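In our numbering, the protein residues as written are 1 to 173.
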């Protein structure tokens, strides 16, 4: 992933399944980084789509939680606390104080992405998760987790498109 996402690598069109899934997931990760690039701290915190409380910073924090949850907690069975959410505020990833910064939020996300890559490395796409979902009580193949993560990023990148357009008028895929 580039620092600003502007040089996103297109996913391969004829690769094997693993390389294709890695390529699409990295493409969507880079898209989110691109949608956040070049904006001020205030713009990244802005929630321009009332009554929604979505912000670009909130989306990045949410995706850090999602990367952590699926690749490490579910796939590897690691017992990890939530990064931002609490029992009192399940949407804590979207709620932040003035003390919490874009720089720290972005760094946590990038760290979780790297840890997710390491968690998936060397595991078969057919490998079944070491833990069951907290919500569904089911186990998942690594293939399902990849597919879900691509879907999760694609959906939230659509949100990021709208947020970015409302913040500074920038548009693009």
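We put the beta carbon where it would ideally sit given N, CA and C, even for glycine. Keep in mind the model is a prediction, meaning the values are calculated, not measured.
Outcome for residue i when other beta-carbon atoms lying within 10 angstroms are tallied against a minimum of 16
i, result
"residue 121", "exposed"
"residue 167", "buried"
"residue 35", "buried"
"residue 55", "buried"
"residue 105", "buried"
"residue 80", "exposed"
"residue 93", "buried"
"residue 30", "buried"
"residue 9", "exposed"
"residue 38", "exposed"
"residue 154", "exposed"
"residue 103", "exposed"
"residue 88", "exposed"
"residue 138", "exposed"
"residue 156", "buried"
"residue 62", "buried"
Alpha helix (DSSP H) segment containing residue i, residue limits
i, result
"residue 60", "56-67"
"residue 156", "142-168"
"residue 28", "17-36"
"residue 104", "102-120"
"residue 45", "41-45"
Check whether residue i and residue j have beta carbons under 8 Å apart
i, j, result
"residue 141", "residue 126", "yes"
"residue 152", "residue 101", "no"
"residue 28", "residue 150", "yes"
"residue 71", "residue 132", "no"
"residue 119", "residue 49", "no"
Closest residue to residue i among the options (Cα-Cα distance)
i, options, result
"residue 158", "32, 26, 11", "32"
"residue 67", "162, 114, 8", "114"
"residue 163", "13, 12, 60", "60"
"residue 136", "44, 19, 74, 37", "74"
"residue 64", "49, 90, 53, 107", "107"
"residue 98", "138, 45, 52, 83", "45"
"residue 18", "85, 124, 88", "124"
"residue 52", "25, 26, 95", "95"
"residue 91", "111, 109, 58, 69", "58"
"residue 143", "47, 84, 25, 7", "25"
Chain B within 8 Å of residue i, Cβ atoms only
i, result
"residue 28", "In the displayed structure, chain B is absent; only one protein chain is listed."
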